[in-house]
Every structure is written in structure tokens, then in C-alpha cells.
Ligand code: SF4
Ligand code: SF4
Ligand code: FES
Ligand code: FES
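Residue numbers (our numbering), protein chains in the order written: chain F, 1 to 922; chain R, 1001 to 1168.
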């Protein structure tokens, strides 16, 4: 600790921070632009100038940059000093020489850091009378809007994009007063994390393109704390709504999970909530195949009648909340509850849960992943399955740079110095995958192997760590690599092994777990991370459990058939079955009832559809890949007869007289019941405060205190202002009244503080800059280091043997397209491709196909699969990789052998044109 | 995604590649030769087109954006076509005091071009420059590779009277 003086006031502060951090942590207003809590200082913008005095006698002081000045005992500073104030005011003015002053039409307006800083410095009158530069803006794809004239050249964008996220297609062009931040030519930004530019850029240069086209100011958004449902990482998000539409998704800081950044799948993937095709009323199928809309009483009546049948079964879902799955299982009984995974997914999901539950290693969330000092990824394409993990790994490989800096007594925030010092020095990251990955540029080694061989590589590394029966890979290069990997892992203090369900191969995950166990035995703090398929895969696996209960497979159930009534909860059975299985669904089920928020192939087959509220209109608990239970809250009430899935199910359970549910009436009670009846889920009640929570006697308001137009908003429909909806289920209110002070992290609906309208206000909610939220970190860990599995030594898995004229199927995930819900979001739909099959150039030659041709895929089980060819030179020989989760590949199973044949009738696609490339509005 | 292979048109010539490779040989990293490579290509082609830029970037294992950041940072790497000769007319203090404004006007009138423009016959591009380091001989200008010192109106007339055949 150091004692410093700022404007005659003494403060005891943390040594080694820079003065800017210190001031912000103390709650003092010091303007800044280029410094970023996650990216450190470079001293580029000169906005954070303060006066520093040498000693008591020094009356003049000298100007120093707050963000570049470490605080040290006895230092004397002044923020208020006349010279410093004038300097800062002039800096804003000079940074804005070319700024068009177009706040009224700028999508940043109202939450603009530049606006805030301008007001903070007191700059008002411009003295510049010259001509301003006008730049040509670029088309950067459907996600991000570019308006270069608003730039103040703080360099945050390129520092984030290039240095932090590893992107290569955004740079600072030209120099002095025609500097330009953009691509070398128009085109979609390549980084999967480009969307963070929207929050990183302190001005309106990079804004959310969707929001620009359906604009609402931040102060007019009604927001709620939520959790991204687009993958199993569970990043915390803020969902902002107006006029019953989700307008945008912003990052919600969680010190243990996503920190300051999201991936683009999550940020731009919520658009499905706004789809016109979503049902607002229950729908009953008529004999002619069309549907009648019903009110919810009649819908429930119909459902109950169908449930009186003898054989009633239900299908749960890894994308539905823990609560909804729990109620569904209570409704039909354990024996008739099918978790709803496909054949390929089920084993992997359950096994991943067991391995994580039983491991002695730490199961890390993102922030812990960033502390790893050696990483081995065994067969998981993290950028495409759990995207945000890839961004964290890019930070992990820089730990060595920070160590080097520490040795030279550089401070962690001295970003330019550290990058200069470390250059390309990185912590070891070893990747084994079936083809190239997007992290190869920072990897120490990257090997392409077929999934069974990836497991063997794991076994060979294990052999090096714990010499045993002399199991080697058998290939001198791979064995040498295994030695190298083992050496790197052994030397690490916090080695991390990553595997996952991505290739549907449980042996790889088991190997990963054994490696982690071996490292734990070696005495280090090893970590084990297993990526999983969907937002609540882990929750469903914990709910389903393994203990003796037979785990059902959805497809087997359908094929065996003989079901009178089947209830499907938020699940599209088509995605989980072979084509044959899905066809049999209608034949083997007399009455099909679906509860879903989307219009899917399954809802269109159903006899009765109960429309459920999406994650943005309801509450629920999800358990992420690291076993962290997190709660999402509705940003707005569901329209018309849409109801949360739990509400429909509870109503059905009550009517059916299900004893266990008779005392359950509210959402919280379901959560508590679930926690009480399933030990593995006991911690879910801690995910967020219950609905009775009040801050200073009031609920937490979803609307800002400047929320405007509540009367005008609906005036076109009716001049009567309806009563604000009441929220009985959560501690939040659809209101402007209430207090955000001391709000727990799990309940923060947005970030705002007087004078800080932009997301930079976050520091006012943190214990200190960059540290956890004062109200506590959201979420509760269900699997925190309980495991103590004994180290087992599995036999060396069999080697991959390529076959003549047959191909081994491997799933290939795509950040945009493989996840069901986000792929429906309009901007992401532009970036998805129709289903495809990747083959090697040699295979293409043998099959006489080129890129864009069609292939017929067959084996004893599969018929009628036709996919577009993509030649991937990095793919392992003998494998064919299909685009997982894309319509056209449902039912293909990982590890299946298939024959391929050129499709003579294939119509080649026109080269894809992105709609907004034509100048259209997305 | 896989990058399309460079087509024949944007490929670099043998001579260019050889010269660039010679520079790379002196550098600890390929990208260290970025500026030299840009200069080499400009020498051969007069300017650096988008296609050339992409080809150079590829050869140096850099992204096009990264290389363009460097190319556009330097005023004398031309990212647009220029005339056969570039006139760099100094407008910094010494030259300005000794009449560079008049010379500018004269050249504009004679060649019918403004700063940043190329004469119709493709012969000249006129650019301002801030000090050519010959202040004692002000006003000065460079025409192509030739430095002209203590330029007078007569000299300008002499140089540009017969467009297309300057007697440097
Ligand atoms: S575009 Fe934004 S982030 Fe980039 S330099 Fe300009 S103001 Fe800063
Ligand atoms: S898709 Fe996954 S990684 Fe991306 S923001 Fe959502 S939870 Fe995070
Ligand atoms: S924030 Fe300190 S110089 Fe930019
Ligand atoms: S001022 Fe013209 S050469 Fe220096």
C-alpha cells in the first residue's frame, strides 16, 4: 500500500497501480480514452493528464499522464490544478478537430464515452475554423457499422482487435490528420470477437449494425441481467428491449466468467427472439393440417386430455432451463423422461459431467483459463464450439510475457513495454485437432490427427508424465511431440487440459481427465475444461445423472415407438435424429405436444403447440460447462399467450395432480424444489437472489431513470397508458423506480453512474477497477473441486486405421450456424453457409469432385444425405468433416464410416452474396 | 477460410521477388522487409496497387491490412497510380519565403493540375513536400529523381514548356 495525496486529500492506495486506475477506483473523475482496464496503458491520447509535484515545496508541478504514472508512497498529485484542467480541456478539443458533432444521429449517443469525457473536462466552444476531413466508411459485414469521421485516434480498436483478440484484418492506416482505422478493403471483419469493438471504441466509429437499423438510445432500453444461451460457456449479458423487441446484447461484467468481452455468436445471436414466425398463441392442429389459435385455458384442456392416455412420455432439452426440465420430469415420471440429446450427444454430455464431477483438478471458468501457463487442447475446436474460451486462451499464452515483465519490474498495465519486451514469446499451447484451427497462430504446436489418434496422443503424453507400461503412439514425430507436451505441462504451475464433446469422442475426454489427474498428482494446480454442446448441457446432465437410472436415447425411444402422447420441451427432434427416426416420430406417436419458443420442424408436426417465452422473456437457471449455475431474467414480459415453459408445465402438473408440485406456485419454489430433490443441483438456489430480494426496500428497476416515452410508445395503438406489468417471479421491476445501489451482481440490469453514461461506468460497480463487482460475482459453482477420482490407467486406445473408399465422419462446428438458436438471428444468418462436407484434396481427386460439387453420403444406416463439397487441405486423411448442427447433416454421427460418391444431379450454388453487400439494410 | 491463390496478374515478377528476397535475407523476420518490398514494387510499377499489396503481404507472411498500415503511413509509397514523373514541390518555410507559392501557381497553370493530380498526358503528378533538406538553395523541387535548386519562374517554364519532353 502507498499513501499519496491528491488535491490536498490523503489516500491509502494499492502500490503499483497507475494513477488513473487509482483515481477511478477511489471514485474520482479523471477523463481518459486510450487506457482500458483489460488492455492497460499506452499513453496515446494524453487525456488523463494530471499535475505531479516533486515535494511539498514544489508549487508548479508538472503535467504527467495518469495512466502512465505508477503511484508510489508520498507522491503528490492534483487533478483540479488549473494547468491540468486546461490541458485536458484542450486535449478533448484537439482530439475532436475532425469530429462531425453528429451525436443526434449517432448510435453511440447517450452512452458515448467521448460525450461523457467532453462534459467532464468542461470543453464547450470550438476554436478550430478549418475544414474537417471526411472519410469514406467501409462495409465491415452485417454485424458492425463503421463511421470513421467520429474517430479520436485513441488506438483502442487496433489494440483490442490485433493485440488482444489476434485479428489481422484491422489496422491503423495513414498518419497524422488522415489516420484511418479500418480494413485494407471493404469486407466482413474476420475475427470472431469483432463485436467487442462496439464496446471498446469510446466513440461512434464502430457500432452495432443491427441496433443502428432499429435504433433505441440506451436510456430508453428496458434491460435485464441475462446469460448467453448460444453455447455452454454461459457468458453474462445484458439484454436491452424496446417495443417488445430485443434491441441489443451487451457484455455484463463477470470477473470469473466473461470479464469485459463476448463472442460474436453471443452478441449478435439473440435476434431469433424477434422472429415474426414465433407463435404468440397456442396452436391446435386441425384435420386439414392447418392450425387454430387458442387461449391458454383451452390449450391446457387439450393437453390434459391427451395426457390422460396410457403411455405418456416427454423429451427434455439441453437448451431449456433446469427448472423446466425438472418440472417436465416430475410431470411424466423418471422412467418416461428422455433428456433429449441425440445418440451422439448423450454419451458425451453425461461422460463430460461425470469426469468434471469426479476430477480432482480445478474446472475453470474463463478467468481461470486465462491464468493457465501451459495448455493442451485435445480434439476440440474451441473457437467454434465455445468461442469465448479461444479469446481467453489468447490471453493465457501471454502469461510468460507478464512474467518476463515482472522480472524487469515492469508493471502489468505497461502494455506497450511488455509487448515490446516479449515480442513472440508465449506460453506453450499445444493443439491436436482434425484440421487447422483458428488458434494455430499462437500455438507452440498444432497436429492434425483423427479423433482416435488424438486420444492416443493423450495416452502417449500420459505415458511421459507417469511412465507405465510403455504405451507409445508408435510414430516417432508424434512421440517426440508427446514428450515435448509432457515437458511443457510438467514445468507449468497451472497446466490446463481442454477437451470436449465437439468430436463426440468420449475416449478423448477420458484421456484429458487422466492427464489432469496425473498433473494433480504431480503436485501442480492442474485444470480440466471440457467444452459442451449447449447452454444447459451440463445442467441437464446433472439433472439426469448416471446413478443406476437408465439413460434413454431419444432416437431409440422413437424407433421403438408405441407412445400415445409425447411432450417435447424446447427441442427440435429433427436435429437429434436420423431422417428415418424423425419420419417415425409422427407414425409412432399419437399425440405430439410441443412447447417451444421457435417455429421448428417439430412444432410443424405437432398436434398442439404451446408457445414458450424465450430466454429474453422468462427466467431460468442454466449450468455452464464449468458447472456454474447462472440465472437469466426476463427483459420484457412475453407477448400475448406466450408463457415461460415452467409456467405451462406447472399448470399441467397441477391439473394432473402431481403431488410433488402441489406446493409449487412460483418460479423460486421450483428452483428450490429442484435443488432439494437433486443433490448435484443443490447449489442452484445460490445462482441469484430470490424474488423477495429488495435493495433499500425496492425492486431493481429494469428501466433507466431517464426512460422516456412510456405514454407515447403505444399511443399509436391506444391513448390509454396500460399499467406497467408486474413481475411476481423475480426481484426486478418493469419500472424506473428503485435503486441500483448495492445490487448483487446477478441482478444488475445495466451499468450507469452519474457522469458516466457509457459502459465505462462499470468501474463504479467494481470493488476497484477491473475487480469483481461490489454486489458479488453472479453465479454459483456446483462442482467446485469436490472430485477425488482415483487415477486409473486406461489402455492405449486403438489407432485410427483409414479405410479404402470409406471415410470416418467427424463433426465440424461453425461459430455461426452450428448453434440452433443463434443461427436464426438475422445478421448471423447472413454469415452462415448451407451444410457442407469437408474432404481432403486427395479424396476430392479420387472422387472427381471440386469445391462446390455435391457428394452422396451413405452407409447401412444412412440414405439420402447430399452435401456440398469443401476441400480442406489440412484435414486428416481418411476423415470427412460434416458441418454439425446445420440442416442437412442432422442424424450423421461422429465416428461413423461412410462411403462417398459424386452426386450427378447436384446443382452448384451461385456464389453467396451477403444481403447487406448489395447495400440493403439487414 | 482458405485464401484464394494469387492470380497471375497480381503475382510479383521474378525480378521483384528476387530483390525482395534479397532484403528478407537481411532481416530477422520476413515482415522486416516490408518497407523495402513496397519500394521495390513501386520502382518496378510506379505505384503499389491493391493487388500488388496483397501479393507482397502474402510473400512476407503478413496480413494485407498490416502491410497497408505501413504503406499508407509513408507519403512516398504511392497507393494510387502516378504520372511518369512525380514533382515534389517543397512548401516548407524556407522555400515558402522564397516564393514556392508562385512556382506552385505556375506549375498548376502550365500542367493544368493541382496538388495530388496527374497531368492529362500521364507525364506528371504534382505533390507538396515538407522540406527536401536543401533549404539553403530554396526554393527547391524534385522532378522524378532530379533535384532542382533555386528554382525560378524561368526554370519552371524551361522545364515544363514542352510537355512530354522535359529537358531535366
Ligand atoms: S476508431 Fe474508435 S477505438 Fe479506434 S482509434 Fe478511433 S476512436 Fe479509438
Ligand atoms: S456463444 Fe458462448 S462464448 Fe459466445 S458469448 Fe455466448 S456463452 Fe459466451
Ligand atoms: S488514457 Fe492516459 S494517455 Fe490516454
Ligand atoms: S524548406 Fe524547402 S527544402 Fe527545406
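Just so you know, even glycine gets a beta-carbon here, dropped at the ideal spot from N, CA and C.
Q: Please specify which runs of the beta strand (DSSP E), each continuous and at least 3 residues long, are wholly inside the segment 341-391 of chain F, giving them in chain order.
A: 374-378
(Q) When you compare the CB of residue 1052/R with every CB in chain F, is at least one pair closer than 9 angstroms? (A) To locate residue 1052/R, count along the second chain from 1; it is residue 52. No, residue 1052/R lies away from the interface with chain F (no Cβ there is under 9 angstroms from its Cβ).
Q: Can you grab the Cα-Cα spacing for the pair residue 1158/R / residue 1077/R, in whole Å?
A: One-based indexing of the second chain puts residue 1158/R at position 158. One-based indexing of the second chain puts residue 1077/R at position 77. Straight-line Cα distance between these residues: approximately 29 angstroms.
Q: Between the Cα of residue 1112/R and those of 1126/R, 1149/R, 1099/R and 1132/R, spot the shortest distance and give me the residue it belongs to.
A: The count along the second chain starts at 1 and reaches residue 1112/R at position 112. Residue 1112/R has its Cα closest to that of 1126/R, out of 1126/R, 1149/R, 1099/R and 1132/R.
Q: Ignore the nearest five residues each way along the sequence and tell me which others in residue 438/F's own chain have a CB closer than 6 angstroms to its CB.
A: Locating residue 438/F in the first chain gives position 438, where the first residue counts as 1. So the list reads 383, once near-sequence residues are dropped.
Q. Counting pairs of beta carbons, one from the segment 45-53 of chain F and one from the segment 793-807 of chain F, are three or more of them closer than 8 angstroms?
A. no
Q: Go through the segment 71-106 of chain F residue by residue and report every complete run of the alpha helix (DSSP H) that reaches 4 residues or more, in order.
A: Counting only runs of 4+ residues, the alpha helix (DSSP H) found wholly inside the segment 71-106 of chain F occupies 82-95, in chain order.
(Q) Is there a Cβ of chain R sitting closer than 9 angstroms to that of residue 168/F, yes or no? (A) By one-based count along the first chain, residue 168/F stands at place 168. Contact with chain R is found for residue 168/F, since one of that chain's Cβ atoms lies less than 9 angstroms from the residue's Cβ.
(Q) For residue 655/F, report the span of its alpha helix (DSSP H) as first-last. (A) The sequence position of residue 655/F within the first chain is 655, counting from 1. Residue 655/F -> alpha helix (DSSP H) spans 645-655.
Q. Can you check whether the CB of residue 835/F is closer than 9 angstroms to the CB of residue 888/F?
A. Start at 1 with the first residue of the first chain, and residue 888/F comes out as number 888. Start at 1 with the first residue of the first chain, and residue 835/F comes out as number 835. Yes; because the gap between Cβ atoms is below 9 angstroms, this pair is in contact.
Q) Among all residues, which have a Cβ less than 5 angstroms from at least one non-hydrogen atom of ligand 2, and in what chain order do they fall? A) Here the residues close to ligand 2, judged by CB distance below 5 angstroms to any of its heavy atoms, are 228/F, 230/F, 231/F, 233/F, 235/F, 262/F, 263/F, 265/F, 266/F, 387/F and 388/F in chain order.
Q. According to DSSP, which residues form a beta bridge with residue 867/F?
A. Within the first chain, numbered from 1, the residue matching residue 867/F stands at position 867. Beta-bridge pairing links residue 867/F to 855/F.
Q. So is residue 365/F buried or exposed if we call it buried at 16+ other beta carbons inside 10 Å?
A. Against the first chain, residue 365/F aligns to sequence position 365. Burial call: buried.
Q. Going by other Cβ atoms of all chains shown within 10 Å of its Cβ, with 16 needed for buried, is residue 218/F buried or exposed?
A. As a working mapping, residue 218/F is identified with position 218 in the first chain. Classification for residue 218/F: buried.
Q. DSSP on residue 193/F, reduced to helix/strand/coil?
A. The sequence position of residue 193/F within the first chain is 193, counting from 1. Residue 193/F: coil per DSSP, three-state reduction.
Q: Could you say if the segment 587-606 of chain F and the segment 352-368 of chain F meet the contact criterion of at least three C-beta pairs nearer than 8 angstroms?
A: Contact between the segment 587-606 of chain F and the segment 352-368 of chain F is absent, because fewer than three Cβ pairs lie under 8 angstroms.
Q: Scan the segment 248-292 of chain F and note each continuous beta strand (DSSP E) run of 3 residues or more that stays entirely inside, going in chain order.
A: 283-285
Q: Would you kindly report the start and end of the unbroken alpha helix (DSSP H) that includes residue 407/F?
A: For the purposes of this step, residue 407/F is taken as residue 407 along the first chain, with counting starting at 1. Per DSSP, residue 407/F belongs to the alpha helix (DSSP H) from 399-407.
Q | Near-chain F residues of the segment 1109-1125 of chain R (beta-carbon distance less than 8 angstroms), N- to C-terminal order | A | none
(Q) Quick check: residue 372/F and residue 527/F, are their CB atoms within less than 9 angstroms of each other? (A) Locating residue 372/F in the first chain gives position 372, counting from the first residue. Locating residue 527/F in the first chain gives position 527, counting from the first residue. Going by C-beta atoms, residue 372/F is nearer than 9 angstroms to residue 527/F.
**Q.** Within chain R, the residues that residue 183/F reaches when beta carbons sit closer than 8 angstroms
**A.** Mapped onto the first chain, residue 183/F falls at position 183. Here the neighbours are 1065.
Q: Assign residue 243/F to one of two classes, buried (16 or more other C-beta atoms within 10 Å of its C-beta) or exposed (fewer than that).
A: Looking up residue 243/F in the first chain gives position 243. Exposed, since its Cβ has fewer than 16 Cβ neighbours within 10 Å.
Q.
Output needed for residue 333/F: all residues of its chain with C-beta closer than 7 angstroms, excluding positions within five of it in sequence on either side, in chain order.
A. Within the first chain, numbered from 1, the residue matching residue 333/F stands at position 333. No residues qualify anywhere along the chain.
Q. Roughly how many angstroms lie between the CA atoms of residue 1100/R and residue 1083/R, to the nearest whole one?
A. Stepping through the second chain from its first residue, residue 1100/R is reached at position 100. Stepping through the second chain from its first residue, residue 1083/R is reached at position 83. Answer to the nearest angstrom: the Cα atoms are 21 angstroms apart.
Q.
Can you find the residues in the same chain that come closer than 7 angstroms, C-beta to C-beta, to residue 879/F, ignoring five residues on each side of it along the sequence?
A. Here residue 879/F is taken as the residue at index 879 of the first chain, counted from 1. These residues qualify, in order along the chain: 434, 450, 807, 808 and 810.
Q: May I ask you to list the residues that DSSP assigns as paired with residue 338/F?
A: Numbered from its first residue, the first chain carries residue 338/F at position 338. Its beta-bridge partners are 315/F.
Q. In chain order, what residues of the segment 1071-1087 of chain R put their CB closer than 9 angstroms to some CB of chain F?
A. 1071, 1072, 1073, 1074 and 1075
Q) Hey, how far is the Cα of residue 228/F from the Cα of residue 848/F? A) Position 228 of the first chain, counting from 1, holds the residue named residue 228/F. Position 848 of the first chain, counting from 1, holds the residue named residue 848/F. About 43 angstroms.
Q: Taking 7 angstroms as the limit, tell me which residues put their C-beta closer than that to any heavy atom of ligand 3, in chain order.
A: 20/F, 32/F, 33/F, 34/F, 35/F, 41/F, 43/F, 44/F, 45/F, 46/F, 47/F, 48/F, 65/F, 66/F, 67/F, 68/F and 154/F
Q | Candidates 279/F, 266/F and 100/F, of which the one nearest residue 641/F by Cα | A | Looking up residue 641/F in the first chain gives position 641. The residue with the shortest Cα to Cα distance from residue 641/F is 279/F.
Q.
Within 9 angstroms of any Cβ in chain F, is that where the Cβ of residue 1068/R sits?
A. Here the question's residue 1068/R lines up with position 68 in the second chain. Taking Cβ atoms only, chain F reaches closer than 9 angstroms to residue 1068/R, which makes this a yes.
**Q.** Contained beta strand (DSSP E) runs [length at least 3] in the segment 878-911 of chain F, N- to C-terminal order
**A.** 879-883 and 897-902
Q: Would you mind sorting residue 882/F into buried or exposed? The rule is 16 or more other CB atoms within 10 Å of its CB.
A: On the first chain, residue 882/F is found 882 positions in, with the first residue counted as 1. The residue in question, residue 882/F, is buried, as its Cβ has 16 or more Cβ neighbours within 10 Å.
Q.
Suppose only complete runs of 3+ residues qualify. What are the beta strand (DSSP E) ranges in the segment 1076-1158 of chain R, listed by chain order?
A. 1085-1090, 1124-1129, 1141-1143 and 1146-1148
**Q.** Neighbour flag for residue 1018/R against chain F, beta carbons, 9 angstroms
**A.** The residue labelled residue 1018/R in the question sits at position 18 within the second chain. With 9 angstroms as the cut-off, residue 1018/R does not count as an interface residue toward chain F.
Q. Helix or strand or just coil, what does DSSP make of residue 1024/R?
A. As a working mapping, residue 1024/R is identified with position 24 in the second chain. DSSP places residue 1024/R in helix when its eight states are reduced to three.
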